[in-house]
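Going by numbering that gives the first Met the number 0, the final residue of the sequence shown carries number 511, and the count climbs one at a time with no gaps.
Every residue, glycine too, gets a C-beta built ideally from N, C-alpha and C.
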Amino acid sequence: MFDKVLIANRGEIALRVIRACRELGVSTVAVYSDADAMAPHVREADEAVHIGAAPSAESYLRGERIIDAALQTGARAIHPGYGFLSEREWFARAVRDAGLVFVGPPPEAIAAMGSKTSARQLAIAAGVPVVPGTTDALRDAAEATTVAAKLGYPVLVKASAGGGGKGMRVVARESDLPAALDAARREARNAFGDDAVYIEKYIAGPRHVEIQILADQHGTVLSLGERECSIQRRHQKMVEEAPSVAVSPELRRRMGETAVAAARAAGYVNAGTCEFLLDGTGQFFFLEMNTRLQVEHPVTEMVTGIDLVQWQLRIAAGERLPFRQEEIVPTGWAMECRITSEDPSNGFLPSTGRIGYLRLPGGPGVRWDGGIGIGSEIGLHYDPMLAKLIVWAPSRDAAIARMHRALLELTVDGVATSRDFHLRVMEDPEFRRGDIEIQWLERRLDSLTRVTPPAEGKRVAAIAAVLLAERDRATPAVAAAVAAASGTGGPSHTDAGDEWLRAGRRGGLRSR
Ligand code: MV4
Numbered sequence: 000m001f002d003k004v005l006i007a008n009r010g011e012i013a014l015r016v017i018r019a020c021r022e023l024g025v026s027t028v029a030v031y032s033d034a035d036a037m038a039p040h041v042r043e044a045d046e047a048v049h050i051g052a053a054p055s056a057e058s059y060l061r062g063e064r065i066i067d068a069a070l071q072t073g074a075r076a077i078h079p080g081y082g083f084l085s086e087r088e089w090f091a092r093a094v095r096d097a098g099l100v101f102v103g104p105p106p107e108a109i110a111a112m113g114s115k116t117s118a119r120q121l122a123i124a125a126g127v128p129v130v131p132g133t134t135d136a137l138r139d140a141a142e143a144t145t146v147a148a149k150l151g152y153p154v155l156v157k158a159s160a161g162g163g164g165k166g167m168r169v170v171a172r173e174s175d176l177p178a179a180l181d182a183a184r185r186e187a188r189n190a191f192g193d194d195a196v197y198i199e200k201y202i203a204g205p206r207h208v209e210i211q212i213l214a215d216q217h218g219t220v221l222s223l224g225e226r227e228c229s230i231q232r233r234h235q236k237m238v239e240e241a242p243s244v245a246v247s248p249e250l251r252r253r254m255g256e257t258a259v260a261a262a263r264a265a266g267y268v269n270a271g272t273c274e275f276l277l278d279g280t281g282q283f284f285f286l287e288m289n290t291r292l293q294v295e296h297p298v299t300e301m302v303t304g305i306d307l308v309q310w311q312l313r314i315a316a317g318e319r320l321p322f323r324q325e326e327i328v329p330t331g332w333a334m335e336c337r338i339t340s341e342d343p344s345n346g347f348l349p350s351t352g353r354i355g356y357l358r359l360p361g362g363p364g365v366r367w368d369g370g371i372g373i374g375s376e377i378g379l380h381y382d383p384m385l386a387k388l389i390v391w392a393p394s395r396d397a398a399i400a401r402m403h404r405a406l407l408e409l410t411v412d413g414v415a416t417s418r419d420f421h422l423r424v425m426e427d428p429e430f431r432r433g434d435i436e437i438q439w440l441e442r443r444l445d446s447l448t449r450v451t452p453p454a455e456g457k458r459v460a461a462i463a464a465v466l467l468a469e470r471d472r473a474t475p476a477v478a479a480a481v482a483a484a485s486g487t488g489g490p491s492h493t494d495a496g497d498e499w500l501r502a503g504r505r506g507g508l509r510s511r
């Protein structure tokens, strides 16, 4: 195992990697921008190196500075986390050329999966089902029209360099095709500097199900089962779970074998994820492969008991995977909510401010993968995801109840967050039935973000609770006398089941 690893990231994922390193006895080097001088990942690492100004382009995306920092501190490997440099072929190559180990796939595998048309060609050659469509970039509108007519409308124009929904256009009829082609090309050129586009049959109302794989350097490739990621808004996932209600053991086996075949075809090593669309009839289609650790990896860890980040490091150090495919069976149910500094009641507008108060959930089956603390300044330089709240329970119903309970325990003051929105998702009857697909959230957005004011009586009770608690704190002698006289020894009111009352009491009892 490496003596020392540099983590080329920030926030919750940097802390997640530091934790894995510490459990493996590996020392850690953090890197940080001006904005992150006081950040939790900097405080938690064994060493930290300043790499530039607040904008990512001047810090977390400066590959050469990060490699210099690793060489200067004597780190032997670099873990890229997700986002930033994690899927840049040139960075993986530069790390290798500097004599360091990239904790991720080989640059060749990143390149093979980075181009969506090349990924499709590779998948088809490996016998992996893909959505019907082209595998080469389209030449012009005439060619697009011929292909679309054969596929039948609606079709989807996609950027070859794309992923994550950029440079994508749904086309309902032939007359719309030329304009859609132009728009997709323009968006792709701006986003990726490459205007190559291809065309696929549009699949309506599918689920987004992805398969986690682990591959070692000795030819073992394993599937760790699926994650259900259909609860998303504008290609940003909000809730993920494992397993998926739509995946039977038989389907899990077939999708797993398919993902393993795709990974093998790309010469894949380390942790990776194959994304699929799963339609209502149980047919699945390979979309793309994410050649990094994903945000939602914890739900897989919770149901398999396998620490993905530790295994990323062990694989990078040359260890063999000791598991057999048959042993990897999901146990119970895990769910994750991405807690973001966005205001759901205001169109998910990013919210900024200083975290003035933070109360974290705990208790059985609750995991908090966070990157913030009291005093954290939340700005606009980086992703609005503050933390992930993850729960495990024996069944899906129990996991939803546990997530709801854990969200009630959470208080983040200083910025608007997605917490209340997540509570409404957990309460939604369709979500509770597992009756979801990729358009579900956007369809239900109105009802999930409408704030229901509390009944007048409860509001008054909450205000009274705050006032009582403040008085009690200001004059402990009076409080003691009241408690003694009433014989309760404590507050006599109950707040069972009422969020407003609880919030009021918590607010009142808060120390300043
Ligand atoms: C599709 C599709 C329907 N049909 N391809 C969106 C991002 C990229 N990963 C691929 N995406 C899609 N490709 C065909 N042929 C629908 C989507 C899609 C989607 C996929 C996964 C998760 C969320 C999504 C939201 C909208 C559209």
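Excluding five sequence neighbours on each side, which residues of the same chain lie with their C-beta closer than 6 Å to the C-beta of V244?
Excluding residues within five positions, the ones whose Cβ falls inside 6 Å are G433.
Closest Cα partner of V41 within the set T27, P54, A53:
Nearest of T27, P54, A53 to V41, Cα basis: T27.
Three-state class that DSSP yields for T27 in the structure shown
Reduced to three states, the DSSP call for T27 is strand.
Are there 16 or more other CB atoms within 10 angstroms of the CB of N189, so buried, or fewer, so exposed?
Only exposed fits N189, as fewer than 16 other CB atoms lie within 10 angstroms of its CB.
Within 8 Å, strictly: CB atoms of A270 and L292
Cβ atoms of A270 and L292: closer than 8 Å.
Could you check whether the Cβ of E341 sits closer than 7 Å to any heavy atom belonging to the ligand MV4?
For the ligand MV4, not one heavy atom lies less than 7 Å from the Cβ of E341.
Does the count of Cβ pairs from the region 128-137 and the region 195-209 closer than 8 Å reach three?
Verdict: yes, contact present.
If I follow the unbroken beta strand (DSSP E) through T339, where does it start and stop?
Where T339 is concerned, the enclosing beta strand (DSSP E) starts and stops at 332-339.
Just to confirm, does L84 get its C-beta within under 7 Å of one of the non-hydrogen atoms of the ligand MV4?
No - the ligand MV4 has no heavy atom lying nearer than 7 Å to the Cβ of L84.
A538 vs L312 beta-carbon contact at 8 Å:
It is not possible to answer for residue 538, since the shown part of the chain is limited to 0 through 511.
Just to confirm the assignment, what range does the alpha helix (DSSP H) spanning E426 have?
Where E426 is concerned, the enclosing alpha helix (DSSP H) starts and stops at 418-426.
Only counting runs of 4 or more residues, tell me where the alpha helix (DSSP H) segments fall wholly within the region 293-317, in order along the chain.
Taken in chain order, the whole alpha helix (DSSP H) runs of length 4 or more contained in the region 293-317 are 296-303, 307-315.
For M516, which of helix, strand or coil comes out of DSSP?
Nothing can be reported for residue 516: it is not among the residues displayed for the chain, which extend from 0 to 511.
Can you name the start and end residues of the alpha helix (DSSP H) that M112 belongs to?
First-last of the alpha helix (DSSP H) with M112: 106-113.
When we look at the beta-carbon of M301 and count the other beta-carbons within 10 Å, is it buried (16 or more) or exposed?
M301 counts as buried, since at least 16 other C-beta atoms from the protein chains shown sit within 10 angstroms of its C-beta.
List the residues that DSSP assigns as beta-bridge partners of H78.
As computed with DSSP, H78 is found in a beta bridge with I6.
Please check the pair H207 and Q231, which I expect to be a contact at CB under 8 Å, by giving their CB distance rounded to whole angstroms.
Sure, about 7 Å apart at Cβ, within 8 Å.
To the nearest angstrom, how far is it from the Cα of I12 to the Cα of T280?
Inter-residue distance for I12 and T280 is about 36 Å (C-alpha atoms, whole angstroms).
Helix, strand or coil, according to DSSP, for L500 in the structure here?
The answer is helix: DSSP assigns L500 an H, G or I state.
Would you mind listing the beta strand (DSSP E) stretches within the region 355-435 that are 3+ residues and don't spill past its ends, in chain order?
Runs of the beta strand (DSSP E) inside the region 355-435: 356-358, 365-369, 384-392, 410-412.
List, from N- to C-terminal side, the alpha helix (DSSP H) runs of 4 residues or more that fit wholly inside the region 174-257.
Secondary structure remark: continuous alpha helix (DSSP H) runs of at least 4 residues inside the region 174-257, in chain order: 176-191.
Compare the Cα-Cα distances from S222 to each of A261, L176, A34 and report the closest residue.
Scanning A261, L176, A34 for the CA closest to the CA of S222 turns up A261.
State the Cα-Cα distance for the pair V100 and F430, rounded to the nearest angstrom.
In this structure, the straight-line span from the alpha carbon of V100 to that of F430 is close to 42 Å.
Chain B contact for P242 (CB, 8 Å cutoff):
This model lacks chain B altogether, as it is built from one protein chain only.
Does the beta-carbon of M37 have 16 or more other beta-carbons within 10 angstroms, so that it is buried, or is it exposed?
Residue environment for M37: exposed (fewer than 16 other C-beta atoms within 10 angstroms of its C-beta).
Near G204, what residues of its chain come up, given a Cβ to Cβ distance below 8 Å and the 5 sequence neighbours on each side ignored?
Cβ neighbours of G204 within its own chain (closer than 8 Å, five residues either side excluded): D278, G279, E436, I437, Q438.
In terms of residue numbering, what span does the beta strand (DSSP E) encompassing T272 cover?
Run containing T272: 269-277, per the beta strand (DSSP E) assignment.
I'd like the ranges of any alpha helix (DSSP H) spanning at least 4 consecutive residues and lying wholly in the region 50-75.
Taking 4 residues as the shortest admissible run, the region 50-75 contains the following complete alpha helix (DSSP H) segments, listed from N- to C-terminal end: 62-72.
Among V30, I399, Q216, A47, whose alpha-carbon lies nearest the alpha-carbon of G62?
Minimum Cα distance to G62 is reached at V30.
Along the alpha helix (DSSP H) that carries F90, what are the first and last residues, could you check?
First-last of the alpha helix (DSSP H) with F90: 88-96.
Say yes only if the C-beta of G10 is nearer than 7 Å to one or more non-hydrogen atoms of the ligand SAM, and no if none qualify.
No copy of the ligand SAM appears in this structure; the ligands present are the ligand MV4.
Distance, A160 Cα to G113 Cα
Between G113 and A160, the C-alpha separation is close to 7 Å.
Is V465 a contact residue of the ligand MV4, with contact defined as CB to any heavy atom under 7 Å?
Not under cutoff, so the answer is no.
Within 10 angstroms of its Cβ, does G209 collect 16 or more other Cβ (buried), or is it exposed?
The sequence as given places Glu at residue 209; Gly does not occur at that position. Buried, because 16 or more other Cβ atoms sit within 10 Å of the Cβ of E209.
Taking only the alpha-carbon atoms, compute the straight-line gap between E256 and H296 and give it to the nearest angstrom.
Using only the alpha carbons, I get a separation of about 19 Å.
Where does the unbroken alpha helix (DSSP H) through L447 begin, and where does it stop?
Per DSSP, L447 belongs to the alpha helix (DSSP H) from 439-448.
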